[in-house]
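Structure, as structure tokens:
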Amino acid sequence: MSLFKTLTDKPWERKGIIGGLNPEGTFESPPERVALGFFLTIASVIFSMFGVSYVIRMSLPDWEPLAEPSQLWLNTGLLAISSILFQWARNIANAGKQKNLMTAFIGGGVFAVLFIAGQMVIWENLQATGFYVASNPANSFFYLLTGLHIAHLLGGLWVWSKSSIRLLSGSKPEDVRLSIELCTLYWHFLLIVWLVIFAILSNT
Amino acid sequence: MAYVPLADQDSEMEMHHPHSWVTKYVWSQDHKVIAIQYGGLAIAVGVVALILSLLMRMQLGFPETFDLIDPSSYYQSVTMHGMIMVVYMLTALLLGGFGNYLIPLMCGARDMVFPFLNMLSVWVYALSVIILLSSFFVGGGPTGSGWTLYPPQTALAGTPGHDMGIVLMLLSLAVFVVAFTMGGLNYVTTVLQYRCRGLTMMRLPLTVWGIFIATILGLFAFPALLVSAIMMLFDLLLGTSFFMPAVIEAGTPLDHNGGSPILFQHLFWFFGHPEVYIVALPAFGLVSDVLSTHARKNIFGYRMMVWAIIAIGGLSFVVWAHHMYVSGMHPYFGFFFATTTLIIAVPTALKVYNWVLTLWEGDIRLNAPMYFAIGFIFTFIHGGLTGLFLGNVVIDLPLSDTYFVVAHFHMVMGVSPVLVIFAALYHWFPKVSGRMFHEGMAKAHFWITFLGTYAIYLPMHYLGFLGVPRRYYAMGATDFIPESAQDLNAAITIAALIVGAAQILFFVNIFWSLRNGKKAGPNPWGSASLEWQTPDTPPKHGNWGDELPTVYRWAYDYSVPGAHEDFIPQNVPESEEPTADEQHFDPDHDASKAGA
Numbered sequence: 145m146s147l148f149k150t151l152t153d154k155p156w157e158r159k160g161i162i163g164g165l166n167p168e169g170t171f172e173s174p175p176e177r178v179a180l181g182f183f184l185t186i187a188s189v190i191f192s193m194f195g196v197s198y199v200i201r202m203s204l205p206d207w208e209p210l211a212e213p214s215q216l217w218l219n220t221g222l223l224a225i226s227s228i229l230f231q232w233a234r235n236i237a238n239a240g241k242q243k244n245l246m247t248a249f250i251g252g253g254v255f256a257v258l259f260i261a262g263q264m265v266i267w268e269n270l271q272a273t274g275f276y277v278a279s280n281p282a283n284s285f286f287y288l289l290t291g292l293h294i295a296h297l298l299g300g301l302w303v304w305s306k307s308s309i310r311l312l313s314g315s316k317p318e319d320v321r322l323s324i325e326l327c328t329l330y331w332h333f334l335l336i337v338w339l340v341i342f343a344i345l346s347n348t
Numbered sequence: 186m187a188y189v190p191l192a193d194q195d196s197e198m199e200m201h202h203p204h205s206w207v208t209k210y211v212w213s214q215d216h217k218v219i220a221i222q223y224g225g226l227a228i229a230v231g232v233v234a235l236i237l238s239l240l241m242r243m244q245l246g247f248p249e250t251f252d253l254i255d256p257s258s259y260y261q262s263v264t265m266h267g268m269i270m271v272v273y274m275l276t277a278l279l280l281g282g283f284g285n286y287l288i289p290l291m292c293g294a295r296d297m298v299f300p301f302l303n304m305l306s307v308w309v310y311a312l313s314v315i316i317l318l319s320s321f322f323v324g325g326g327p328t329g330s331g332w333t334l335y336p337p338q339t340a341l342a343g344t345p346g347h348d349m350g351i352v353l354m355l356l357s358l359a360v361f362v363v364a365f366t367m368g369g370l371n372y373v374t375t376v377l378q379y380r381c382r383g384l385t386m387m388r389l390p391l392t393v394w395g396i397f398i399a400t401i402l403g404l405f406a407f408p409a410l411l412v413s414a415i416m417m418l419f420d421l422l423l424g425t426s427f428f429m430p431a432v433i434e435a436g437t438p439l440d441h442n443g444g445s446p447i448l449f450q451h452l453f454w455f456f457g458h459p460e461v462y463i464v465a466l467p468a469f470g471l472v473s474d475v476l477s478t479h480a481r482k483n484i485f486g487y488r489m490m491v492w493a494i495i496a497i498g499g500l501s502f503v504v505w506a507h508h509m510y511v512s513g514m515h516p517y518f519g520f521f522f523a524t525t526t527l528i529i530a531v532p533t534a535l536k537v538y539n540w541v542l543t544l545w546e547g548d549i550r551l552n553a554p555m556y557f558a559i560g561f562i563f564t565f566i567h568g569g570l571t572g573l574f575l576g577n578v579v580i581d582l583p584l585s586d587t588y589f590v591v592a593h594f595h596m597v598m599g600v601s602p603v604l605v606i607f608a609a610l611y612h613w614f615p616k617v618s619g620r621m622f623h624e625g626m627a628k629a630h631f632w633i634t635f636l637g638t639y640a641i642y643l644p645m646h647y648l649g650f651l652g653v654p655r656r657y658y659a660m661g662a663t664d665f666i667p668e669s670a671q672d673l674n675a676a677i678t679i680a681a682l683i684v685g686a687a688q689i690l691f692f693v694n695i696f697w698s699l700r701n702g703k704k705a706g707p708n709p710w711g712s713a714s715l716e717w718q719t720p721d722t723p724p725k726h727g728n729w730g731d732e733l734p735t736v737y738r739w740a741y742d743y744s745v746p747g748a749h750e751d752f753i754p755q756n757v758p759e760s761e762e763p764t765a766d767e768q769h770f771d772p773d774h775d776a777s778k779a780g781a
């Protein structure tokens with residue numbers, strides 16, 4: 145039922161049971177997926193707010209662009225592999241198969257951990273070369289945005305670790321299919337967010 | 186195929202069943218217990234804020250008599266009163282309290298979608314309150330920068346609580362946003378996915394619509410507060426300059442350079458204005474249901490009421506800079522925001538008309554919840570009209586820093602939602618407790634609060650026109666403020682003390698009624714919505730016994746001719762409706778029956 149049709153319904157006229165087993169207007173989707181959809185929207189708003197702040201702050205005269213370390217490309221590759229592995233795990237789980245499921249799913253998380261480690265190395269290097277968080281607003285935003293992205297990844301890894309334990313303890317693919325699907329969606333989202341952050345950081 | 190509602194497909198429901206006192210009353214996953222925890226904590230922290238306001242009023246009314254607070258603690262009281270009332274009391278009580286209690290019951294669900302997350306939400310909220318209140322006990326005390334926390338003033342040595350106080354405030358707000366997000370995800374998902382069979386979106390009571398849209402607003406607006414809190418914490422703790430410009434403090438240049446205070450203002454008000462509607466929309470929904478039930482009439486213009494809620498929700502994101510007219514913005518920018526501000530008045534006014542038209546020729550039952558609901562219409566019209574003044578740039582500029590603004594926002598988003606909260610607390614108290622409250626005490630509470638409110642805020646408009654500045658600890662001697670203004674200030678303080686003391690009536694009533702109130706029965710108001718149709722009062726864990734309800738109609742079938750009593754609950758099928766013959770309405774016959 146379209147939104148327009150829903151909102152123009154005259155409830156005082158229509159009586160009886162409307163809809164099938166579930167009431168009209170319910171998404172044909174597990175509640176967890178609906179909630180994740182909302183959460184991704186909220187996370188998008190948070191990153192957008194930082195993005196807008198970045199653009200506004202950048203226009204002020206004391207801004208000195210930060211030369212982004214080339215290692216960011218390597219880290220981006222790690223996160224992309226992580227996302228690809230999650231997608232592979234999702235495909236396997238959707239097909240109801242077991243083979244390679246654990247490798248793909250756990251591998252996806254491991255590559256995300258490697259990405260975080262890579263980001264920490266960049267932080268270390270920046271600190272060692274005198275690019276501190278308070279030296280310049282461009283530096284501040286670099287630490288802030290990458291840190292926020294890592295925080296989101298850590299949240300995802302917490303869910304991933306719970307699902308991994310279930311997989312390792314012998315759960316069937318259909319029992320963890322939803323968790324795998326939601327993790328995959330979340331990882332794709334964080335990859336896109338990272339690509340946008342990377343683009344913004346690189347073009348200033 | 187057997188019908189298994191979504192809400193009953195949750196095999197974990199049995200797991201949430203409390204097995205000990207601790208899991209029943211402390212770490213409870215039952216939405217009703219969580220609602221009471223949210224509500225109780227919000228009211229408790231609201232009382233702290235109320236006491237702070239009375240301390241301020243005593244200073245303002247009798248500056249030479251009392252020596253209770255100094256200028257620093259006055260500003261700290263202003264700040265904590267504002268922030269607590271707006272965020273930790275109103276938002277938490279309306280969404281965490283009423284949202285938690287009413288959404289699953291009105292949706293015909295057994296609980297929220299994610300009960301564990303719901304439990305986490307209330308305890309994280311409690312943590313945010315503890316962090317906030319702990320600032321009273323740290324060196325320097327809580328921040329005194331005003332509830333808007335504008336930099337750079339908030340971080341400078343002249344501002345009370347510029348060191349730990351502001352840090353704890355920002356930390357507490359960030360934690361609150363986390364708590365709200367956990368709760369909010371539950372509310373929206375429950376409304377969308379856990380409605381019982383037959384309950385379409387357009388059959389939902391307006392309470393659920395108000396809370397649903399307000400939650401979406403919160404989920405999208407609170408991130409702005411979170412972002413500004415994080416960046417401000419970076420400025421304060423790590424020495425960055427997101428918001429902090431170059432400042433010379435007591436002759437010494439600070440380490441900050443080039444930050445944009447205006448950026449903070451934009452972020453803050455991008456949250457701050459929707460926040461007004463995060464509070465107002467649930468109140469609109471609650472009052473609609475109270476008015477309709479006690480007027481024994483269907484809510485006038487149900488669809489328009491829903492559309493108005495959605496329209497207000499959307500428009501609330503494009504009016505934020507009307508709080509910043511005095512910040513030196515481009516005139517076209519001000520023109521844009523003045524226009525959107527006036528546009529948002531249209532759906533808001535539409536709701537007011539519909540409330541009044543709901544009362545029109547209704548079979549009004551003037552009991553305590555109805556008193557408060559009708560009182561709300563008065564105060565909301567009053568506060569709304571003064572909002573039209575302030576929405577215009579040329580009028581706002583001279584009035585912006587005066588008591589006119591204090592009077593406006595207290596009427597529109599202080600007193601009005603509080604009156605709705607009392608209406609709703611009295612209205613749903615019989616369902617929550619199973620007992621009726623003391624009607625006389627509740628009405629006395631209403632009259633003192635309602636008339637007292639006018640005694641407080643009506644004169645403040647006049648003080649504003651005189652040019653009496655807000656935020657001042659003491660007026661001092663000025664040429665343009667007559668001495669009589671101080672007499673008015675004293676009168677306002679006396680009224681505020683009386684209104685503050687009158688709230689004791691509410692607490693006495695609630696605690697007395699819990700033990701001694703008359704047994705309420707399942708549906709004492711004759712309400713048609715689902716929450717009054719539960720098999721047990723108060724509803725037990727799982728709400729609905731063995732089987733979830735099925736809904737056949739909207740929530741406003743009141744004064745139906747021929748109906749048993751005068752209403753048809755949502756879960757009564759068409760086959761049990763009065764027949765056409767029974768529906769023949771004979772006013773004389775009915776009147777004689779009523780007389781007999």
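These protein sequences, in sequence, are chains A and B. Just add 144 to the spot in the first sequence (first one is 1) and you have the working numbering. Just add 185 to the spot in the second sequence (first one is 1) and you have the working numbering. Note that CB positions come from ideal geometry on N, CA and C, so glycine has one too. Fair warning: this is a prediction, and the values are worked out from it, not measured in the lab.
Between phenylalanine 650 (chain B) and isoleucine 695 (chain B), the C-beta gap is not smaller than 8 angstroms, which leaves the two residues out of contact. About 6 angstroms separates the CB atoms of proline 345 (chain B) and glycine 326 (chain B); that is less than 8 angstroms, so the two are in contact.
For glutamine 242 (chain A), the number of other beta carbons within 10 angstroms of its own is below 16, and it is reported as exposed. Residues of the region 475-500 of chain B with a C-beta less than 9 angstroms from any C-beta of chain A: Asn483, Tyr487, Arg488, Val491, Trp492 and Ile495, listed in chain order.
Here serine 214 (chain A) is exposed, its C-beta having fewer than 16 other C-beta atoms within 10 Å.
Here the alpha carbon of tryptophan 267 (chain A) sits roughly 20 angstroms from the alpha carbon of glycine 195 (chain A). By the rule that beta-carbons nearer than 8 angstroms mark a contact, serine 426 (chain B) touches chain A. At a Cβ-Cβ threshold of 8 angstroms, glycine 331 (chain B) and arginine 656 (chain B) count as neighbours. Asparagine 701 (chain B): member of the alpha helix (DSSP H) spanning 669-701, first to last residue.
When 8 angstroms is used as the limit between beta carbons, threonine 170 (chain A) is near these residues of chain B: Leu191, Leu377, Gln378 and Arg380, in chain order.
Arginine 382 (chain B): not part of any alpha helix (DSSP H); DSSP gives it neither H nor E.
In this chain, methionine 509 (chain B) is not harboured by any alpha helix (DSSP H), its DSSP state being neither H nor E. Excluding residues up to 5 positions away in sequence, Thr525, Ile528 and Ile529 lie with their Cβ nearer than 7 angstroms to the Cβ of leucine 500 (chain B) in the same chain. Residue contact check for leucine 329 (chain A) against chain B: no CB pair falls below 8 angstroms.
Interface annotation, methionine 291 (chain B): not in contact with chain A, CB-CB separation never under 8 angstroms. Tyrosine 517 (chain B) is classed as exposed because its beta carbon has fewer than 16 other beta carbons within 10 Å across all chains shown. By alpha-carbon distance to aspartate 548 (chain B), the top candidate from B:Gly281, B:Ala680, B:Ile269 and B:Asp751 is B:Asp751. Cβ neighbours of leucine 535 (chain B) within its own chain (closer than 7 angstroms, five residues either side excluded): Met489 and Ala493. When the beta-carbon positions are compared, isoleucine 666 (chain B) and glycine 652 (chain B) come within less than 8 angstroms of each other.
Each of B:Ile484, B:Ala713, B:Ile566 and B:Gly661 was checked against the Cα of leucine 542 (chain B), and the nearest Cα belongs to B:Ile484.
Here phenylalanine 631 (chain B) is not near alanine 681 (chain B), since their CB atoms are 8 angstroms or more apart.
Per the coordinates, the alpha-carbon of alanine 229 (chain B) lies some 39 angstroms from the alpha-carbon of phenylalanine 285 (chain A). Taking 7 angstroms as the cut-off between beta carbons, the residues of the region 276-289 of chain A near chain B are Val277, Ala278, Pro281, Ser284 and Leu288, in sequence order.
The Cβ-Cβ distance between aspartate 153 (chain A) and methionine 270 (chain B) does not fall below 8 angstroms.
Listed along the chain, the chain B residues whose CB falls inside 8 angstroms of the CB of serine 197 (chain A) are Val412, Met416, Phe427, Leu448 and Leu452. Of all residues in the region 174-197 of chain A, those with a C-beta nearer than 7 angstroms to a C-beta of chain B are Pro175, Val178, Ala179, Phe182, Phe183, Ile186, Val189, Ile190, Met193, Phe194 and Ser197, reading in chain order. Along the region 215-235 of chain A, there is no position whose C-beta sits under 9 angstroms from a C-beta of chain B.
Here arginine 620 (chain B) is bridged, per DSSP, to B:Lys704. Spatial neighbours of glycine 486 (chain B) in its own chain (CB-CB distance under 6 angstroms, excluding positions within 5 residues in sequence) are listed in chain order as Asn539. Just so you know, the alpha carbons of asparagine 347 (chain A) and leucine 439 (chain B) end up roughly 30 angstroms apart. Across the structure, glycine 181 (chain A) and isoleucine 336 (chain A) are spaced so that their CA atoms are roughly 15 angstroms apart.
Looking at the DSSP output, glutamate 434 (chain B) bridges to B:Thr437. When beta bridges are read from the DSSP output, glycine 163 (chain A) appears opposite A:Pro167. Taking 8 angstroms as the cut-off, the Cβ atoms of threonine 571 (chain B) and histidine 646 (chain B) count as close. Shown here is that no member of the region 305-328 of chain A has a Cβ falling below 9 angstroms from a Cβ of chain B. The way I'd put it, the region 255-275 of chain A does touch the region 214-230 of chain A; three or more beta-carbon pairs between them come closer than 8 angstroms.
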